[in-house]
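See below for the structure under consideration.
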Amino acid sequence: MENSHAPHPTPLENFAAPEPDGSRGGLWSTTTARHGGELTVGGVGVRTLASTYGTPLFVIDEEDMRRRAQAWKQAMEEAFAPLSGAQVYYAGKAFLSAGVATWMSEEGLCLDTCSLGELVTALAAGVEGNKIGLHGNNKSCEEIRLALRNDLAHIVVDSLAELALVETLAKEEQRQANIVLRVTTGVHAGGHEYISTAHEDQKFGLSLASGMAMRAAEEVLASPHLHLVGLHSHIGSQILNLDAFTQAAGVVMDLRAQIATHLGYVVEEVDLGGGYAVRYTVLDDIPPAPIEYARALASAVQSHGKVSGLPAPRISIEPGRSIAAPSTLTLYTVGTIKAVPLEEGSRRYVAVDGGMSDNIRPALYQADYTVTLANREPSHDVVRSRIVGKHCESGDIVVRDVALSANLGPGDLLAVPVTGAYGASMASNYNMAARPAVVAVNGGKSRLLIRRESVEDLLSRDVDAEGYELNS
Ligand SMILES: Cc1ncc(COP(=O)(O)O)c(C=O)c1O
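No gaps in the numbering here: position 130 of the sequence shown is 605 in the numbering used here, and each next residue is one more.
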């Protein structure tokens, strides 16, 4: 499982300062602190944030997110300097807005997109096409045409059928498409089945075992409308184990060598995907730092490269979660509180004004989080608590099991850290919930990145509700 259930309530909180590369230490973003009992992020108090923007609210610590992006870039540059260099693509699926795309670009990262919406957001932010990649296992003609017209750095092709489609569209558009072939390496990694993506029996990639990847390479090389720029592997998400990455890198490097031997072509780039882990609770292991991941990848690439005798490829990676998740906390307002008797003792159920519509991960992957009282000093006394949302599912859990301040009441603010990845980006309108706003805080100021959805927004898509006067 991605994160197993905590057998005991997770400790209250952990404010140990992260290291400068942002990858270790506490669970809270670098600038999170308590002043006079109140939590502050980027120098802004949570009470001000809640009263200005409402709750639930995603609060991104801009400085922290930028530092994580820099840490990856520096780590990859350092580890791959003796080889042919490296490029970091921020995986926008973790969380993307035009503001975040701009930050990533300013930090020297490229952008990995996987849908029309993500691609358009990157372009709207002014990111140049040659700094953007396009993923997806079922790309539409519209997505592929937009990629071609903007001369994207690459289109990551996921199947032979898609390769044929890209070729047809490239011919029509009179362009040459830069192709990266996504291969299934057979390396099984990442906690939960739904986030493990390199075993054969799943929807992503060109199978190596059946020779499909080799056939795809042959087809790309035979077409004047396609240019083979790279090979790609993404083995899963939330992976702590360096060996899984090095094994996958080895498999892709071997394929590169086979392509050179059999097809006489040296593929210039190898993309090793994302999947680098973060810590959600203090019970989780501390993940390797970016430089540790980067060195492990570099040593695998180097040793396999030596065997083949080919020039080293340029390496790219696509971290999403490890840049976005720890930079963000979600603020909720406490509503109903009730004590539920258990076989031994009882559990306090604390309902907040969001839930599975802003964080589906607990329901989808049994993911664990922690939480703290944010608007005032937590008490030393703690109560075994479960934080739940307001949706019509008993699996609508925000934090499964936590020892939380006893002095909690309706109207208090709770902060859940490490919610920056796959929270807002997976948010839904379940129960006709309006999706939360996303704000950035930095240097004592806050700025709206994405405004809160309104009931008007929700009604605007319902054609039979047209003309209904709100508040009538
Ligand atoms: C192809 C690809 N690249 C990168 C990522 C980002 O992974 P993570 O956020 O775990 O770093 C994903 C996540 O699903 C992915 O599918």
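C-beta atoms are modelled at their ideal positions from N, C-alpha and C, and glycine is treated no differently.
Small disclaimer: the values here were computed from a predicted structure and weren't measured.
With respect to Val874, Thr805 sits apart: the two C-beta atoms are not nearer than 8 Å. In terms of Cβ geometry, Lys606 and Leu621 do not form a close pair [threshold 8 Å]. With a minimum length of 3 residues, the unbroken runs of beta strand (DSSP E) contained wholly in the segment 906-939 fall at 912-917, 920-925. Rounded to the nearest whole angstrom, the CA to CA distance from His510 to Asp760 is 29 Å. Remark: the shortest separation between the CB of Lys646 and any heavy atom of ligand 1 does not fall under 7 Å. If only uninterrupted beta strand (DSSP E) runs of at least 3 residues are considered, those enclosed by the segment 567-594 are 585-588. Taking the Cα of Val602 as reference, the smallest distance to any Cα among Leu571, Gly725, Gly784 is reached at Leu571.
In the three-state DSSP reduction, Asp746 falls in the strand class (E or B). Shown here, Ile714 sits in a strand according to DSSP, grouped into three states. Note that the C-beta distance between Ala554 and Leu772 is below 8 Å. Non-local beta-carbon contacts of Gly780 in its own chain, meaning distances under 6 Å to residues more than five positions away in sequence, involve Ala787 in chain order. From the listed residues Asn612, Ala639, Gln651, the smallest Cα separation to Ala628 is found for Gln651. A distance criterion of 7 Å places the beta-carbon of Arg754 beyond contact range of ligand 1, judged by its closest non-hydrogen atom.
Residue side-chain check: Lys568 places its Cβ nearer than 7 Å to a non-hydrogen atom of ligand 1.
Arg624: member of the alpha helix (DSSP H) spanning 616-624, first to last residue.
Using a 10 angstroms sphere on the CB of Ala908, the tally of other CB atoms reaches 16 or more, which defines it as buried. Around the beta carbon of Gln649, fewer than 16 other beta carbons sit within 10 angstroms, so the residue counts as exposed. For Asn850, same chain residues with a beta-carbon under 7 Å away, outside a window of 5 residues either side, are Glu513, Val521, Arg522, Asp887, Leu888 in chain order. Separation of the CB atoms of Ile925 and Ala912 is rounded to 6 Å, and the pair is thereby assigned contact status at 8 Å.
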